[in-house]
Amino acid sequence: MTETRLRFPPSPTGYLHIGGARTALYNWLYAKQTGGKLILRIEDTDTGRSTKESIQGIIEGLEWLGIDYDEGPYFQTEFEEDHTAAAKKLLEKGSAYKCFCTKEQLDAKREATLAAKQPLGYDRSCRNLSAAEIAEKEAAGLPSVLRFKVPARSGNLGYDDKILGRIESNYSEIDDFVIVRSNGKPLYLLCNVVDDIRDRITHIIRGQDHMTNTLKQVLLYEALDAPLPIFAHMPLTLDTKKAKISKRSHGEIVAVQFYRDNGFIPWAFNNFLALLGWSAGNDQEFYSKEELIQAFSLERINKSSAIFNFQKNDPKFFTDPKAIFINEHYLRTMDISEIGAMVKKELEADGLWDEAYDSTKKDWYLKTLDLIRDRFHTLKDFTTLGRAYFADDFTVEPKPLAKNVLKYTELQQWLPELADRYEKLESFDIEETERVARELADELEIKPGIIINAMRTVVTGQLAGPSMFDILVTIGQERVIQRLRAVGKLFV
RNA sequence: GUCCCCAUCGUCUAGUCAGGUCCAGGACAUCGGCCUUUCACGCCGACAACACCGGUUCGAAUCCGGUUGGGGACGCCA
């Protein structure tokens with residue numbers, strides 16, 4: 290059996306978005322599963338729209354996701370000779386012809402046919418120009434494009450799609466498409482096929498928006514005497530209004546980079562993406578990398594498009610709730626040292642990182658993360674909601690401040706009193722801190738909850754968190770005492 | 001307009017190819033409850049779908065036809 294060879298060919302006209310990332314992921318999964326190769330090819334022939342930043346963004350995005358490739362990145366513009374040679378071959382063998390129709394003429398015709406509600410498409414007026422006519426036009430200096438000559442056959446052209454099944458269309462429906470611009474630059478339809486032939490691509494997994502291209506490209510493979518690869522057209526990702534997701538209309542929320550910058554765990558995001566349009570046929574929803582590679586299959590990719598379920602300005606979910614749910618799952622179940630490495634980057638970025646967390650305080654660091662990670666949603670939460678564990682300059686949130694502190698002015702005496710008692714403790718552990726706090730509440734004849742909730746607010750700034758006495762021990766005697774004594778400044 | 005593709009809870013989906021075990025299963029979200037010093041987690045429960053109409057059949061989510069709906073493509077973009 291020959292080696293499977295897949296490719297991911299983004300056009301660098303914007304950042305890597307979730308649809309592209311999913312396409313890359315599916316190609317990657319299939320390559321891994323079959324022991325094949327994945328090739329990254331940057332399709333930059335649209336020089337007007339391609340940008341360096343975009344290329345960089347795509348490469349970084351793939352790297353963050355952990356989608357690695359075996360060859361490339363290749364750049365399509367570097368293979369212009371191949372494309373031109375193929376165009377020449379097609380012209381010489383009569384599979385293509387020169388067309389002298391100008392853009393203006395074509396635009397006018399298109400409008401007319403549209404108005405007449407006729408099928409759009411080139412009217413083939415240059416298809417049967419004689420050699421003399423062509424020579425005459427060229428002598429007059431008229432520019433021309435090269436068009437592919439769709440074979441004059443009756444019946445249907447088709448191919449077997451791995452996801453959709455047999456796809457067919459009548460030859461009469463296929464347009465004589467342009468393969469070379471008037472400036473001599475070959476176009477996508479041709480370049481893409483020439484590159485795939487050269488790169489010996491065996492499987493093309495791409496979006497359903499390419500289906501009409503595929504019919505044309507099947508003809509190109511035939512004309513170029515190349516074997517046809519296996520095609521698989523994936524469902525598209527749509528927004529909640531069922532419109533195709535695009536960089537332009539949705540903004541950063543559909544960019545892979547957004548998820549990196551908002552504290553997603555890379556594999557969690559892949560896991561989410563994999564399930565958006567594919568399932569193994571059972572109820573499993575969390576997959577390790579190895580499990581997913583093993584379980585993945587082209588045949589089980591859904592035919593119908595999937596909706597990326599995010600609501601603009603949703604106060605509770607900043608993106609698809611399921612994506613967040615999956616991220617939370619990994620956040621709580623991954624090996625704590627792996628979490629530690631990821632949180633390290635967040636702490637570093639915020640200037641909260643202490644080198645000792647990698648050495649003498651490593652044990653404390655990992656235990657603390659383990660203690661607080663249960664109620665977090667993203668990696669970002671460690672430096673925001675969890676700031677009080679790593680620094681003294683955390684903010685006290687208004688809600689718990691009002692509810693748990695300001696409501697009881699006596700706390701200005703009670704908490705310092707508790708601090709004094711804590712200072713005398715020889716063993717600052719869970720049992721002792723709890724005993725002392727409850728004892729004080731008893732003496733004051735108040736509910737322990739008042740003391741405990743006030744403490745939570747003063748010590749962590751948060752309304753909610755882990756068990757209070759776990760927190761005290763984690764934050765440490767000295768810091769706890771300081772924070773309890775400073776309660777007064779919250780009342781001003 | 002023309003061609004192509006698709007159609008199960010709000011969302012992701014299982015079940016469709018090989019019709020009965022499906023008055024349709026799971027997950028997220030939502031809403032209740034339990035647990036709890038808080039909030040989460042966890043657990044328990046509720047809500048919620050076979051687009052419609054015909055046909056085939058003893059029997060249809062499943063097969064066939066049509067309708068409707070949605071999407072995609074129709075560039076000297078990729």
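Per our numbering, the very first residue in the first sequence carries number 290; after that it's consecutive. Quick reminder that beta carbons are idealized off the backbone N, C-alpha and C, glycines included.
* Within 10 angstroms of its Cβ, does Gly570 collect 16 or more other Cβ (buried), or is it exposed? -> As a first step, residue 570 is located in the first sequence; it is residue number 281 there, counting from the start. Taking all protein chains shown into account, Gly570 has fewer than 16 neighbouring C-beta atoms within 10 Å of its C-beta and is therefore exposed.
* Other residues of its chain near Lys669: CB distance less than 7 Å, five sequence neighbours each side excluded -> Position 380 of the first sequence, counted from the start, is the residue given in the question as residue 669. So the qualifying residues of the chain are Asn551, Gly552, Glu635.
* Through-space distance from Glu400 to Asp464, alpha-carbon basis -> Taking the first residue of the first sequence as position 1, residue 464 is located at position 175. Taking the first residue of the first sequence as position 1, residue 400 is located at position 111. Roughly 17 Å between the two C-alpha positions.
* Given Asp782 as reference, the closest of Leu729, Val769, Glu732 once Cα atoms are compared -> Any question about residue 782 goes unanswered here, given that the chain covers just 290 to 781.
* Boundaries (first-last residue) of the beta strand (DSSP E) holding Met523 -> Numbered from 1 along the first sequence, position 234 holds the residue referred to as residue 523. Start and end: 519 to 523.
* To do: Within the same chain, show all residues whose beta-carbon is closer than 6 Å to that of Phe297, passing over the 5 residues directly before and after it, in chain order.
  => In the first sequence, residue 297 corresponds to position 8, counting from 1. Within the same chain, Phe297 has close Cβ partners Ala313, Asn316, Leu329.
* Asked: Which full runs of the beta strand (DSSP E) of 3+ residues lie inside the stretch 748 to 772, going along the chain?
  -> Listed in chain order, the beta strand (DSSP E) elements of length 3 or more contained wholly in the stretch 748 to 772 amount to none.
* Asked: Curious, which full-length alpha helix (DSSP H) runs of at least 4 residues does the stretch 634 to 718 contain?
  -> Fully enclosed alpha helix (DSSP H) runs of 4 or longer: 651 to 661, 700 to 713.
* Asked: What's the gap between the Cα of Pro755 and the Cα of Ile741?
  -> As a working note, residue 755 is residue 466 in the first sequence. As a working note, residue 741 is residue 452 in the first sequence. C-alpha separation (whole angstroms): 12 Å.
* Asked: Would Ala385 be called buried (16 or more neighbouring beta carbons within 10 Å of its own) or exposed?
  -> As a first step, residue 385 must be located in the first sequence, where it is residue number 96. Result: buried.
* Residues in its own chain within less than 8 Å of Val747 by CB, not counting five upstream and five downstream? -> Counted from its first residue, the first sequence places residue 747 at position 458. Cβ neighbours of Val747 beyond the five flanking positions: Val685, Val694, Leu704, Arg772, Leu773, Ala775, Val776, Leu779.
* Asked: So, using beta-carbon positions, are Tyr304 and Gly346 closer together than 7 Å?
  -> Taking the first residue of the first sequence as position 1, residue 304 is located at position 15. Taking the first residue of the first sequence as position 1, residue 346 is located at position 57. In this structure, Gly346 lies closer than 7 Å to Tyr304 by Cβ.
* Determine the contact status of Gly308 and Ile613, defining contact as a CB-CB distance below 7 Å. => Taking the first residue of the first sequence as 1, we reach residue 308 at position 19. Taking the first residue of the first sequence as 1, we reach residue 613 at position 324. For Gly308 and Ile613, no; Cβs fall outside 7 Å.
* Asked: Is there contact between the stretch 433 to 447 and the stretch 565 to 582, where contact requires at least three CB pairs shorter than 8 Å?
  -> no
* Which class does Asn459 belong to by DSSP, given the choice of helix, strand or coil? -> Walking along the first sequence from the start, residue 459 turns up at place 170. Strand, per DSSP.
* Going by DSSP, name the residue or residues bridged to Gly454. => Position 165 of the first sequence, counted from the start, is the residue given in the question as residue 454. Beta-bridge pairing links Gly454 to Asp450.
* Any idea what DSSP makes of Pro610, helix, strand or coil? -> The residue labelled residue 610 in the question sits at position 321 within the first sequence. Here Pro610 sits in helix by DSSP.
* Kindly indicate which three-state DSSP category Phe547 falls into: helix, strand or coil? => Here residue 547 refers to the residue found at position 258 of the first sequence. Residue state, collapsed to three classes: helix.
* As assigned by DSSP and simplified to three states, the class of Leu354 -> As a working mapping, residue 354 is identified with position 65 in the first sequence. In this structure, Leu354 counts as helix in the three-state DSSP scheme.
* To do: Inspect the CB distances between the stretch 645 to 655 and the stretch 620 to 630 and report whether three or more fall short of 8 Å.
  => Cβ pair count under 8 Å is three or more, so yes.
* Going by alpha carbons, who is nearest to Phe683 out of Glu427, Thr672, Met757? -> For this step, residue 683 is matched to residue 394 along the first sequence. Looking at the Cα atoms, Thr672 is the closest of the given residues.
* Asked: At a cut of 8 Å, does the stretch 503 to 519 reach the stretch 365 to 382 through at least three beta carbon pairs?
  -> By the Cβ rule, the stretch 503 to 519 counts as touching the stretch 365 to 382, because three or more pairs are nearer than 8 Å.
* **Presumed contact (8 Å Cβ cut-off) between Pro689 and Leu733, rounded CB distance** => The residue you call residue 689 lines up with position 400 of the first sequence. The residue you call residue 733 lines up with position 444 of the first sequence. 21 Å between Cβ atoms; not a contact.
* State the beta-bridge partners of Gly566 as determined by DSSP. => Taking the first residue of the first sequence as 1, we reach residue 566 at position 277. DSSP, once it has assigned bridges, lists no residue as partnering Gly566.
* Span separating the alpha-carbon of Ala544 from that of Val725 -> Walking along the first sequence from the start, residue 544 turns up at place 255. Walking along the first sequence from the start, residue 725 turns up at place 436. If you take the alpha carbons of Ala544 and Val725, they lie about 51 Å apart.
* Asked: Excluding five sequence neighbours on each side, which residues of the same chain lie with their C-beta closer than 8 Å to the C-beta of Ser593?
  -> On the first sequence, residue 593 is found 304 positions in, with the first residue counted as 1. Excluding residues within five positions, the ones whose Cβ falls inside 8 Å are Pro524.
* When the Cα atoms are used, what is the spatial distance from Ile542 to Ser339? -> Counting from one through the first sequence, the residue named residue 542 turns up at place 253. Counting from one through the first sequence, the residue named residue 339 turns up at place 50. Those two C-alpha atoms are separated by around 21 Å.
* Residue range of the unbroken alpha helix (DSSP H) whose run includes Val483 -> Position 194 of the first sequence, counted from the start, is the residue given in the question as residue 483. Looking at the DSSP string, the run of the alpha helix (DSSP H) that includes Val483 is 477 to 487.
* Compute the Euclidean distance between the alpha carbons of Phe466 and Thr334, then round it to the nearest angstrom. => Within the first sequence, residue 466 is the residue found at index 177, counting from 1. Within the first sequence, residue 334 is the residue found at index 45, counting from 1. Cα to Cα, the separation comes out at about 17 Å.
* Do the CB positions of Leu782 and Glu721 come within less than 7 Å of each other? -> In the structure displayed, the chain extends from 290 to 781; residue 782 sits before or after that span and is not available.
* **Val482, buried or exposed, once every other Cβ within 10 Å from all chains shown has been counted against 16** => Position 193 of the first sequence, counted from the first residue, corresponds to residue 482. Buried.
* Return the residue from the list Pro516, Pro687, Leu409 that minimises the CA-CA distance to Gly750. => Here residue 750 refers to the residue found at position 461 when the first sequence is read from its first residue. Looking at the Cα atoms, Pro687 is the closest of the given residues.
* **contact_flag[the stretch 414 to 428, the stretch 386 to 405] where n(CB pairs < 8 Å) is 3 or more** => yes
* Asked: Smallest Cα separation from Glu644: which of Asp624, Asp663, Ile625, Phe679?
  -> Position 355 of the first sequence, counted from the first residue, corresponds to residue 644. Glu644 has its Cα closest to that of Phe679, out of Asp624, Asp663, Ile625, Phe679.
* Strand pairing of Phe561, partner residues [DSSP] -> Stepping through the first sequence from its first residue, residue 561 is reached at position 272. DSSP lists no partner for Phe561.
* Please list the segments of the beta strand (DSSP E) lying wholly inside the stretch 494 to 543, counting only runs of 3 or more residues, in order along the chain. => 519 to 523
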